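J.: Pasting a structure below so you can have a look.
Dropping the structure here:
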C-alpha cells in the first residue's frame with residue numbers, strides 16, 4: 141500500500157508545519173509522556189481542564205483529546221464541558237476509554253461522554269469491546285454484563301467496525317496489530333514493538349498524537365491511520381536502540397522528533 | 141543467608157508469572173515512575189482513586205498501595221474508601237506515609253488511615269519514627285510532639301519493631317540500609333546506591349513494588365523483604381550503568397525488567 | 141562579566157551546601173521533572189498544596205514556587221493560601237504564569253495571585269507580556285485585550301522592565317535569550333539549547349530552580365540571574381550529549397547534578 145505510506149508521511153510533514161495546538165484532558169500517569177510525545181513529534185500540547193476556561197480554550201485549539209484514566213467526578217465534569225464545547229463548535233475530539241469495562245462507574249462515564257460525539261475512539265482491544273458492549277447495553281436500557289475472556293483480534297475487529305458504523309466515528313483498536321475502521325473502510329498496521337506494552341501510557345500518548353493529526357486532516361480515518369503508522373514505525377525504530385522499557389521510552393521520544401516521511405515509507409507494514 | 145536470596149528470586153519469578161494487578165493511590169510526582177517500575181518488573185499497575193469505583197476495583201486487585209505524598213482532603217477521602225474496602229475484603233494494602241511528621245494534617249491523615257489496618261508500612265527512617273510517635277500520641281490522646289534531630293538507624297529500628305508489634309503489621313524503614321520487621325523477625329538489606337536519593341519518588345515506587353509481592357505471597361514479612369532485595373539489587377546494578385540521576389532512572393527501569401533470580405542470589409547483601 | 145559568572149558559581153555551591161527545602165505548587169505535567177531537576181541540582185523539593193497544611197509547611201520552607209499550569213478552582217484556592225502565607229511570613233515566592241493571556245480565567249488568576257507580592261515572576265516572552273497587560277488592565281479597571289502577534293524580544297524586555305518596576309519584584313522572560321530585570325538592573329543570558337523547547341515543563345522546572353536560589357540569596361535579582369546562568373549552561377552542555385528531546389532530558393538531569401562553578405565560569409554567555 142505505497143499510497144497510504146506516502147500519504148501518512150505527507151500528513152506528518154503537514155502536521156509539523158502547522159504545529160497544531162492539541163488540548164488534552166488526560167490522566168495523571170500520562171501527563172508527562174503525552175505532552176512530551178506531542179512536543180517531540182511537532183505539535184503544541186496544552187493540558188487544560190478547568191471548566192472555567194475550557195470553552196474559550198477549545199475555540200482556538202486544533203483538536204481535543206479526552207482520556208478517562210485517573211477518573212474522578214470533578215474531572216469527569218470537566219470532560220463534559222470540554223467535549224460538549226468541542227461538539228458545539230464543530231471541533232474534532234478523540235476519546236481514550238482507559239479501563240472501560242472495569243467498573244460500572246467507568247462504563248457510565250463512557251456512555252455519557254459518547255453523547256458528545258467523538259470523532260475517534262482509540263483503545264486496546266478489550267477497551268474497544270467494552271465500549272461496544274456499553275453502547276449495546278445503553279440501547280437495551282441496561283448495564284453491560286459479561287467480560288470477554290479472550291478478546292480475540294477478530295472479535296475486537298468486528299466490535300470496532302460495528303461501533304464505528306453505529307456512532308458514525310472512527311474506532312482504533314491498537315496492540316501488536318493496530319486495527320482502524322470507520323465502519324466502511326478499515327486497515328491493519330503491524331509496526332511497533334513488544335516493549336511498548338511495558339511502558340506506561342504509550343497508548344494514551346498515541347491518542348494524543350492522533351489528536352495532532354485530526355487537527356490537520358479532515359478525513360478522520362486517514363488522519364488516524366497516519367498517526368498509527370508514524371507512531372508504530374517510530375516505536376519499531378526506537379526498539380532497535382533500547383535495552384529495556386526505560387531506554388525505550390527515551391529512544392522513542394527521540395525518534396518521534398526525528399522520524400521522517402521516508403522512514404514511514406520504508407518501514408510501514410500493512411497486515 | 142542464601143535461603144533468603146533464593147526465596148526472593150523465586151518470589152520474583154512467581155510474581156512475574158502471576159502478573160498481579162496492583163491498585164495505587166499515589167502522589168502526582170510518583171504517578172509516572174511508580175507505574176513504570178511496576179510495569180517493568182512484571183506487575184500490572186492501575187492508578188484508580190475515585191470513590192465511586194474503588195470498592196469494585198479493590199475486589200479484583202491483588203493488592204492496594206496508598207501513598208499520601210501530594211495529599212488533599214478529596215484524595216484522603218478516596219484513600220479511606222479504598223483502604224476500608226481492602227480491609228473489609230481481606231485484601232492486603234501498603235501505606236507509604238510520605239512526609240509523616242511534617243505537619244499536623246499529615247499526622248492526622250496517617251493516624252486515621254491506620255485504622256484500616258495496613259499489612260505494610262514503608263517509609264524512610266524519619267517517616268517511620270514519625271508514624272511511631274503518631275501511634276504513641278494517639279494512644280495518649282494527644283498530638284505527637286518533638287522532632288528527632290538524628291533519626292539514628294538504631295532508633296528507627298527500635299521504633300519500627302515496636303510499631304510492627306503494636307499494629308500487627310510489617311514495617312520497613314528504607315535508606316542506605318533497609319530494615320524490615322514484623323516485630324518478631326527482622327532483616328537488614330544493604331544493596332541500592334547513593335544516587336537513588338537523587339531521583340524523586342523511588343521510595344514511592346518501591347512501596348508499589350512491595351504491593352506486587354504482597355499480592356503473591358501470604359507472608360507479608362517475606363514478601364516485603366523479597367521486594368526490598370530485588371529493588372536494591374536492581375538499583376545497585378543500574379548505578380553501575382549511570383552517569384547521574386537522569387541516566388540512573390532510565391537504567392533502573394531497564395534493570396527492573398531484566399533482573400533475574402540469579403542476579404539477586406549473586407549480589408544480595410544482608411547487613 | 142567574569143564577576144557575575146563567579147558569583148553564580150559560588151551561589152550554586154552555597155545552595156548545594158544549604159540544600160534548601162523548596163515548596164512547589166505546580167502543574168501535573170511538571171511534577172516529575174520539576175522535582176527531579178531540584179533534587180538533581182542539590183535542593184530538597186516538596187510538592188505540597190493542601191490548604192490544611194500549607195501555612196505550616198511554608199513556615200519551614202526556604203522558598204515557595206507557584207505554577208498555574210493545570211489550573212482549577214481548587215488548586216487556585218490552595219495557591220492563594222500558600223502565597224498569602226508566604227507573604228505574611230516574609231518568605232519569598234516565585235510565580236510561573238503558565239499560559240497567561242490564553243483565557244480570561246487564567247488572567248484573572250494571575251491578577252489575583254499578584255496581590256500576594258511574588259519576589260519573582262518567570263515566564264516566556266509572551267507570558268510576561270500578558271502579565272504586563274493584565275497589570276495595566278487591572279489598573280484601568282478592565283480586562284486585557286489584544287494579543288501580541290510578534291512578542292519581539294525588545295517589546296518583551298520593555299514590558300518586563302516596567303512590570304518589575306511597578307510591582308517591585310524581579311521579572312525573567314526566558315527563551316533563546318533569557319532576560320532578567322528588577323526594573324533598574326537587567327541582564328541577558330544566552331546559553332541553553334534549541335532542544336529545550338521540545339521538552340515539556342523545562343520552563344516550569346527552571347522556576348523551581350530559581351526558588352532554590354531565592355532560598356539562599358537575599359538579592360532576588362542576583363539569585364535569579366545565577367539560577368538562569370546555571371540552568372542555561374547545564375542545558376547547553378547536556379545538548380552536546382543528546383540525540384533528541386528524550387535523551388536531552390536524561391542528559392540534562394545528569395548535568396544539573398554534575399555542573400560545577402567552573403563549568404559556569406567557562407561557558408556563561410552574557411548577551
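Chains as they are written, first to last, in the working numbering: chain L, 141 to 411; chain H, 141 to 411; chain C, 141 to 411.
Positions of the beta carbon are idealized from the N, C-alpha and C atoms, including for glycine.
Quick caveat: nothing in here was measured; it's all calculated off a predicted structure.
1. Out of L:327, L:316, L:280, L:277, which one is the CA nearest neighbour of residue 298 of chain L?
2. Have a look at residue 182 of chain C and residue 152 of chain C and give me their C-alpha separation to the nearest angstrom.
3. Between residue 179 of chain C and chain D, is there a C-beta pair that is closer than 8 Å?
4. Check each residue of the stretch 322-352 of chain C: if its Cβ is closer than 9 Å to any Cβ of chain L, include it; give the result in chain order.
5. What span of residues does the alpha helix (DSSP H) with residue 269 of chain H cover, start to end?
6. Quick check on residue 257 of chain C: does DSSP put it in helix, strand or coil?
7. Rounded to the nearest angstrom, what separates residue 333 of chain H and residue 237 of chain C at their Cα positions?
8. Using a Cβ-Cβ cut-off of less than 8 Å, give me the residues of the stretch 161-180 of chain C that come near chain L, in sequence order.
9. My understanding is that residue 320 of chain H touches residue 312 of chain H, with C-beta atoms under 8 Å, so please give their C-beta distance in whole angstroms.
10. Is it right to say residue 402 of chain H is buried, meaning 16 or more other beta carbons lie within 10 angstroms of its own, or is it exposed?
11. So for residue 325 of chain H, helix, strand or coil by DSSP?
12. Is the CB-CB distance between residue 352 of chain L and residue 162 of chain L below 8 Å?
13. Hey, out of L:200, L:406, L:155, whose CA is closest to residue 230 of chain L's CA?
14. Please classify residue 412 of chain L as buried or exposed, where buried requires at least 16 neighbouring CB atoms within 10 angstroms.
15. Check each residue of the stretch 383-396 of chain H: if its Cβ is closer than 7 Å to any Cβ of chain C, include it; give the result in chain order.
16. Let's test the definition: count the other Cβ atoms within 10 Å of the Cβ of residue 382 of chain L and tell me whether it reaches 16, buried, or not, exposed.
17. Find the nearest neighbour of residue 339 of chain L within the set L:265, L:256, L:393, L:366, judged by alpha-carbon distance.
18. Helix, strand or coil for residue 298 of chain H per DSSP?
19. Reducing DSSP to helix, strand and coil, say where residue 286 of chain L ends up.
20. Taking DSSP's pairing of strands, which residues face residue 207 of chain C in a bridge?
21. Under 7 Å between beta-carbons, which chain L residues line up against residue 242 of chain C? List them in chain order, please.
22. List, in order along the chain, the chain L residues whose C-beta lies closer than 8 Å to that of residue 189 of chain H?
23. Could you check whether the Cβ of residue 246 of chain L sits closer than 8 Å to any Cβ belonging to chain H?
24. Skipping 5 residues on each side, what residues in its chain have a beta carbon closer than 7 Å to that of residue 259 of chain H?
25. Kindly identify the DSSP beta-bridge partner or partners of residue 185 of chain H.
26. Would you say residue 278 of chain H faces chain L, with C-beta separation under 8 Å as the test?
27. Taking C-beta pairs closer than 8 Å, name the residues in chain C that residue 224 of chain L reaches, listed in chain order.
28. Sort L:322, L:262, L:318 by Cα distance to residue 240 of chain L and report the nearest one.
29. Under 8 Å Cβ-Cβ, which residues of chain L neighbour residue 184 of chain H?
30. Tell me whether the beta-carbon of residue 404 of chain L lies closer than 8 Å to the beta-carbon of residue 145 of chain L.
31. Does residue 311 of chain L come out as helix, strand or coil in the three-state DSSP assignment?
32. Bridge partners for residue 410 of chain H per DSSP, in chain order?
33. Measure from the C-beta of residue 153 of chain C to each C-beta in chain L and report whether the shortest distance is under 8 Å.
34. Let me know if residue 290 of chain L comes out buried or exposed under the rule of 16 or more other beta-carbons within 10 Å of its beta-carbon.
35. Flag residue 156 of chain H as yes if its beta-carbon sits less than 8 Å from any beta-carbon of chain L, otherwise no.
36. Can you tell me the Cα-Cα spacing of residue 147 of chain H and residue 372 of chain L, whole angstroms?
T.: So, from the listed chains and residues:
1. Here the question's residue 298 of chain L lines up with position 158 in the first chain. Shortest Cα-Cα distance from residue 298 of chain L to any of L:327, L:316, L:280, L:277 involves L:327.
2. Your numbering for residue 182 of chain C matches position 42 in the third chain. Your numbering for residue 152 of chain C matches position 12 in the third chain. Their Cα atoms are separated by approximately 9 Å.
3. Of the protein chains in this structure, namely L, H and C, none is chain D.
4. Along the stretch 322-352 of chain C, going in chain order, the ones with a CB nearer than 9 Å to a CB of chain L are 335, 337, 338, 339, 340, 341.
5. The residue you call residue 269 of chain H lines up with position 129 of the second chain. It spans 265-279 - the alpha helix (DSSP H) in which residue 269 of chain H sits, taken as one unbroken run.
6. Numbered from 1 along the third chain, position 117 holds the residue referred to as residue 257 of chain C. Assignment of residue 257 of chain C by DSSP, reduced to helix, strand and coil, places it in the coil class.
7. As a first step, residue 333 of chain H is located in the second chain; it is residue number 193 there, counting from the start. As a first step, residue 237 of chain C is located in the third chain; it is residue number 97 there, counting from the start. Their Cα atoms are separated by approximately 37 Å.
8. Flagged, chain order: 167, 168, 169, 171, 172, 173.
9. Translated into positions along the second chain, residue 320 of chain H becomes position 180. Translated into positions along the second chain, residue 312 of chain H becomes position 172. Rounded to whole angstroms, the Cβ separation of residue 320 of chain H and residue 312 of chain H is 4 Å, and the two are in contact under 8 Å.
10. As a position in the second chain, residue 402 of chain H is number 262, starting the count at 1. Residue 402 of chain H should be labelled exposed.
11. Residue numbering aside, residue 325 of chain H sits at position 185 when the second chain is read from its first letter. Per DSSP, reduced to three states, the secondary structure at residue 325 of chain H is coil, with no helix or strand assignment.
12. Translated into the one-based positions of the first chain, residue 352 of chain L becomes position 212. Translated into the one-based positions of the first chain, residue 162 of chain L becomes position 22. Taking C-beta atoms as the reference points, residue 352 of chain L and residue 162 of chain L count as a pair closer than 8 Å.
13. Against the first chain, residue 230 of chain L aligns to sequence position 90. In terms of Cα proximity to residue 230 of chain L, the closest of L:200, L:406, L:155 is L:200.
14. With chain L represented from 141 up to 411, any question about residue 412 of chain L goes unanswered, as that position is not in the structure.
15. Contact residues of the stretch 383-396 of chain H toward chain C are 383, 384, 385, 386, 387, 390 (C-beta to C-beta distance below 7 Å).
16. Translated into the one-based positions of the first chain, residue 382 of chain L becomes position 242. When all chains shown are included, residue 382 of chain L counts as buried.
17. On the first chain, position 199 is the one that residue 339 of chain L refers to. Comparing alpha-carbon positions, the option among L:265, L:256, L:393, L:366 lying closest to residue 339 of chain L turns out to be L:393.
18. Within the second chain, numbered from 1, the residue matching residue 298 of chain H stands at position 158. In this structure, residue 298 of chain H counts as helix in the three-state DSSP scheme.
19. As a position in the first chain, residue 286 of chain L is number 146, starting the count at 1. Bear in mind that the predicted position of residue 286 of chain L carries a pLDDT of just 43, short of 50, making it unreliable; the figure below should be weighed with that in mind. Reduced to three states, the DSSP call for residue 286 of chain L is coil.
20. On the third chain, residue 207 of chain C is found 67 positions in, with the first residue counted as 1. Residue 207 of chain C is bridged by DSSP to C:236.
21. Locating residue 242 of chain C in the third chain gives position 102, where the first residue counts as 1. Within 7 Å Cβ-Cβ: 197.
22. Counted from its first residue, the second chain places residue 189 of chain H at position 49. Per Cβ cutoff of 8 Å: 210, 212.
23. Numbered from its first residue, the first chain carries residue 246 of chain L at position 106. Output row for residue 246 of chain L: interface = yes.
24. Within the second chain, residue 259 of chain H is the residue found at index 119, counting from 1. Hits under 7 Å: 232, 233, 234, 309, 310, 354, 360.
25. Translated into positions along the second chain, residue 185 of chain H becomes position 45. In DSSP, residue 185 of chain H forms a bridge with H:162.
26. Translated into the one-based positions of the second chain, residue 278 of chain H becomes position 138. Between residue 278 of chain H and chain L, the shortest Cβ-Cβ separation is not below 8 Å.
27. Reading the first chain from its first residue, position 84 is the one you call residue 224 of chain L. From the beta-carbon of residue 224 of chain L, no residue of chain C is found nearer than 8 Å; the closest lies around 17 Å away.
28. Here the question's residue 240 of chain L lines up with position 100 in the first chain. Closest by alpha carbon: L:262.
29. Numbered from 1 along the second chain, position 44 holds the residue referred to as residue 184 of chain H. Neighbours of residue 184 of chain H on chain L: none; closest Cβ ~10 Å, over 8 Å.
30. Looking up residue 404 of chain L in the first chain gives position 264. Looking up residue 145 of chain L in the first chain gives position 5. The answer is yes: Cβ separation under 8 Å.
31. Looking up residue 311 of chain L in the first chain gives position 171. Reduced to three states, the DSSP call for residue 311 of chain L is strand.
32. Taking the first residue of the second chain as 1, we reach residue 410 of chain H at position 270. Per DSSP, H:329.
33. By 1-based counting over the third chain, the position of residue 153 of chain C is 13. So no, residue 153 of chain C is outside the interface.
34. Position 150 of the first chain, counted from the first residue, corresponds to residue 290 of chain L. Low confidence applies here, because residue 290 of chain L scores a pLDDT of 49, under 50, leaving its location unreliable and the question unanswered by this model.
35. Within the second chain, numbered from 1, the residue matching residue 156 of chain H stands at position 16. No, no contact with chain L.
36. To locate residue 147 of chain H, count along the second chain from 1; it is residue 7. To locate residue 372 of chain L, count along the first chain from 1; it is residue 232. About 40 Å.
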